[in-house]
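Peer 1: Below: one structure in structure tokens.
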Amino acid sequence: MNFIKHSRLHTVLAGFLAAVILALPLAGCAQTAAVPDSSLRTESSAVTNNPAPQINPSGSAETSGQSAKKTDSAVASGAKTASETKQSQKTTTAAPKTQAASDEQTLKKTSGDALADNGVQFSVPKSFAAQSGYTYVDQREGYNYLPDLASRAVYKQIFESAYKISASTTSEGYYPTQKIVVSGSRLSEAQLRVILLAFLNDNPQVFWLANAYSYAYSNDSTYIQLYSVVSQPNCTAMIQKMNQKVSAVISAMPAGLSELDRELYLFHYIAQNCTYNNAAVSDSSIWQAFSSYGVLIDGTAVCEGYSRAMQLLSSYAGLQCMLLSGQSSGVNHMWNVIKIDGSWYHLDTTWGDSDTEVYNYFNLNDAAIAQSRTIFPSASTLTDDQIDGTVGGEAAKCNLTVPVCTATAANYFRAKAAKVSSSLEDSTVTAALTSAVQSKSSSVSFYIDESVDFETVMAGMTTSSPYELLKCVNAVNSKQAAGSRIDTDNLQYLGDKVNRGITLFLKYK
């Protein structure tokens, strides 16, 4: 795990915590939006990471020279560059313009002949891992969105087609899958794109499908051609690896966990076993970075890969989980929406993956997520011309189902952090720190009660008298042996006013 270095976090030096609260978030994903005809995805850096101010021993502000390693960071410094100026926070209701930056794929029509003979095709094994004690959830929000039986029938045909791969390749390097024939119906391109999006959004286990398609009409029928990015033998081997990995992850999950604790288990697993794929920014051949395979097998991915892996693992953990797309500071981004105890929440595993896990994007409601990003509209609000790109020359980015997220009970800080209502709660803070030390935790979080002013309490805990966090750290350290004491020279914290949370990052000496 090495998403960012915490040079953006406020640091304790000479007994004082830095006085600037972090502004969240930085633009999320800095890569190109369009998928080239070769089906290989490219990315280009578009975000500059600015170090956060620190307090030196004399008390004056200085800038850390350590730069973040990742182009789409979970946190940002208080001082933003002009290119990082916050965009409108409202959810879009009109089709957004295609941006020059994205780390999620774009469906692209290829020049392939959908009527051509694909030759001999070979089947690959189904993607099913061994199940644990949790009831498997079939993610079908995309399927359920489709408005008619005919569209759902094509969706099912795609599922069968994906598992039959031609031995020959196209001029673009694709391996055609079994051709789909929709007899007696001419699907519009807008209809086809919505059906494909529904399938891709529901099936993270089908990681080998290229984000490309071709289609043609013959008489009153529609012929649809999809493609694999790998050969049948390679695909078979990759599926077997994925099945084994998912089985291992889920079988290691303790039995009897609540839905929230299962979600946390998967969140921690991804954060601890995957790093952001900076190489994919300049190497378009790394298609795996956009897939669940990149996270679970390669251990490296971009935001689309993180989101698809979380969705895949959630199925086996008995959790309903969707993909959602939008923008942050004009940069395209993908994250999850997950249902916990009957309510939907926004979850961003990419922005939670850092040197130490960050919980500022763990189970947010719509109001909180709107502080950092704009959600693409549902396809139901767009015209066919917008969906297929007739208007504007490029297909509009869109979601299908967009759940309403109003609950707050499963927000990480509300559900898991130590509750404080003043900056003088020695017992609460000390107990939380003691528990963290005993388990050698890398962080401890606090939730500031809504009955008090967040900034006032946070200041009293960090930057103003009584310096509650530092005082309690010293008290805990006085009872610890060498090697188990919190390193007060390396204390860093992250404030989250939107979710009323503070996370203190710990190192030991």
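If you're matching positions, the sequence shown starts at 342 in the working numbering and goes up one per residue. A virtual CB, placed ideally from N, CA and C, is assigned to each residue, including glycine. From a predicted model like this one, the values you see are computed outputs, not experimental measurements.
May I have the straight-line CA-CA distance separating Thr797 from Ser782, to the nearest angstrom?
Peer 2: Whole-angstrom Cα-Cα distance: 27 Å.
Peer 1: Who are the Cβ neighbours of Tyr504 in its own chain at under 7 Å, not counting the five residues just before and after it?
Peer 2: Excluding positions up to five away in sequence, the list reads Ser464, Val465 and Lys467.
Peer 1: Going by beta carbon distance, what residues of the same chain come within less than 8 Å of Val770, once the five residues before and after it are set aside?
Peer 2: Answer for Val770: Ala759, Val761, Phe787, Met802, Glu809, Leu810 and Cys813, listed in chain order.
Peer 1: Can you tell me whether DSSP reads Thr803 as helix, strand or coil?
Peer 2: If DSSP states are grouped into helix, strand and coil, Thr803 belongs with the helices.
Peer 1: Determine, using beta carbons only, whether Tyr700 comes closer than 8 Å to chain B.
Peer 2: Annotation note: the requested chain B is absent from the structure, which comprises a single protein chain.
Peer 1: Residues bridged to Asn619 by DSSP?
Peer 2: For Asn619, which the question treats as bridged, DSSP gives no partner whatsoever.
Peer 1: May I ask which residues mark the beginning and end of the beta strand (DSSP E) holding Asp725?
Peer 2: Taken as a continuous stretch (DSSP letters only), Asp725 belongs to no beta strand (DSSP E), being part of the alpha helix (DSSP H) at Asp725 to Asp729.
Peer 1: Which residues in the same chain have their Cβ closer than 7 Å to the Cβ of Val522, if we skip the five residues on either side of it in sequence?
Peer 2: Excluding residues within five positions, the ones whose Cβ falls inside 7 Å are Ser562 and Tyr564.
Peer 1: Does Gln779 pass the burial test, meaning 16 or more other C-beta atoms within 10 Å, or should it be called exposed?
Peer 2: Gln779 comes out exposed.
Peer 1: Just verifying my parser: in three-state terms, what is the DSSP assignment at Met663?
Peer 2: In this structure, Met663 counts as strand in the three-state DSSP scheme.
Peer 1: Could you check whether the stretch 695 to 712 touches the stretch 643 to 651, counting it as contact only if at least three pairs of C-beta atoms, one from each stretch, sit closer than 8 Å?
Peer 2: No, the stretch 695 to 712 is not in contact with the stretch 643 to 651.
Peer 1: Lys449 bridges to which residues according to DSSP?
Peer 2: The partner list for Lys449 (beta bridge, DSSP) reads Ala553.
Peer 1: Taking the straight line between their C-alpha atoms, what separation do you get for Asp767 and Val817?
Peer 2: About 11 Å.
Peer 1: Which one of Ala822, Tyr606, Gln585 and Val793 has the shortest CA to CA distance from Ser764?
Peer 2: Selected option, being the one with the closest Cα: Val793.
Peer 1: Residue ranges of each beta strand (DSSP E) run of no fewer than 3 residues wholly in the stretch 479 to 550, ordered along the chain?
Peer 2: As far as the stretch 479 to 550 is concerned, its whole beta strand (DSSP E) runs of at least 3 residues are 505 to 507 and 521 to 523.
Peer 1: For Ala557, which residues from the same chain have a beta carbon less than 6 Å from its beta carbon, with the 5 sequence-adjacent residues on both sides left out?
Peer 2: Answer for Ala557: Ala455, Leu456 and Tyr564, listed in chain order.
Peer 1: Start and end of the alpha helix (DSSP H) containing Ala816?
Peer 2: Where Ala816 is concerned, the enclosing alpha helix (DSSP H) stretches over Glu809 to Asn818.
Peer 1: Leaving aside the five residues before and after Gln462 along the sequence, list all residues of the same chain whose C-beta is less than 7 Å from its C-beta, in chain order.
Peer 2: Same-chain partners within the cutoff: Lys505, Ile506, Ser507 and Gln519.
Peer 1: Can you list, in chain order, the residues of its chain with a C-beta nearer than 6 Å to that of Ile536? Leave out the 5 residues immediately preceding and following it.
Peer 2: Counting only Cβ-Cβ distances below 6 Å, and skipping sequence neighbours, we find Ser492, Val495 and Tyr496.
Peer 1: If contact is defined by three or more beta carbon pairs under 8 Å, each pair taking one atom from either stretch, is the stretch 471 to 486 in contact with the stretch 652 to 668?
Peer 2: Enough Cβ pairs lie closer than 8 Å, so yes.
Peer 1: Between Phe846 and Ser784, how many whole angstroms is the CB-CB distance? I'm expecting something under 8 Å.
Peer 2: About 5 Å separates the two Cβ atoms, so the contact holds.
Peer 1: Whole-angstrom Cβ separation of Met583 and Trp549, contact assumed at under 8 Å?
Peer 2: Actually they do not touch by this definition, with Cβ atoms about 10 Å apart.
Peer 1: Within 10 Å of its beta-carbon, does Asn733 have 16 or more other beta-carbons around it, so buried, or fewer, so exposed?
Peer 2: Contrary to the premise, residue 733 reads as Gly rather than Asn in this sequence. Counting Cβ neighbours within 10 Å, Gly733 comes out exposed, since fewer than 16 surround it.
Peer 1: Please report the distance separating the alpha-carbon of Asp729 from that of Val587.
Peer 2: Asp729 and Val587: Cα-Cα distance of roughly 35 Å.
Peer 1: Out of curiosity, what's the CA-to-CA distance linking Pro574 and Cys615?
Peer 2: If I take the Cα positions, the gap works out to 26 Å.
Peer 1: Would you mind reading off the limits of the alpha helix (DSSP H) that contains Asn677?
Peer 2: Careful: Asn677 lies outside any alpha helix (DSSP H), inside the beta strand (DSSP E) at Val672 to Ile681.
Peer 1: Taking the straight line between their C-alpha atoms, what separation do you get for Val699 and Leu653?
Peer 2: Looking at the two C-alpha atoms, the distance is approximately 21 Å.
Peer 1: What does the Cβ neighbour count give for Ser695, buried or exposed, with the cut at 16 atoms within 10 Å?
Peer 2: Buried: at least 16 other Cβ atoms inside 10 Å.
Peer 1: Between which two residues does the beta strand (DSSP E) carrying Ser784 extend?
Peer 2: Segment Ser784 to Ile789, the beta strand (DSSP E) holding Ser784.
Peer 1: For Gln821, which three-state DSSP category applies?
Peer 2: In this structure, Gln821 counts as coil in the three-state DSSP scheme.
Peer 1: Between Phe608 and Gly671, how many whole angstroms is the CB-CB distance? I'm expecting something under 8 Å.
Peer 2: At roughly 27 Å, the Cβ-Cβ gap does not stay under 8 Å, so Phe608 and Gly671 are not in contact.
Peer 1: Excluding the 5 residues flanking Thr476 on each side, which residues of the same chain have their C-beta closer than 6 Å to its C-beta?
Peer 2: Counting only Cβ-Cβ distances below 6 Å, and skipping sequence neighbours, we find Gly659.
Peer 1: Report the residue from Ser655, Asp837 and Val636 whose alpha carbon sits nearest the alpha carbon of Asp479.
Peer 2: If we check each option's Cα against that of Asp479, Ser655 comes out closest.
Peer 1: Taking 8 Å as the threshold (C-beta atoms), are Leu487 and Ala553 in contact?
Peer 2: No, the Cβ-Cβ distance between Ala553 and Leu487 is not below 8 Å.
Peer 1: Roughly how many whole angstroms lie between the Cα atoms of Ala823 and Ser684?
Peer 2: The alpha-carbon atoms of Ala823 and Ser684 are separated by roughly 45 Å.
Peer 1: Applying the criterion that 16 or more other CB atoms from any shown protein chain within 10 Å of the CB defines a buried residue, is Thr749 buried or exposed?
Peer 2: So Thr749 ends up on the buried side.
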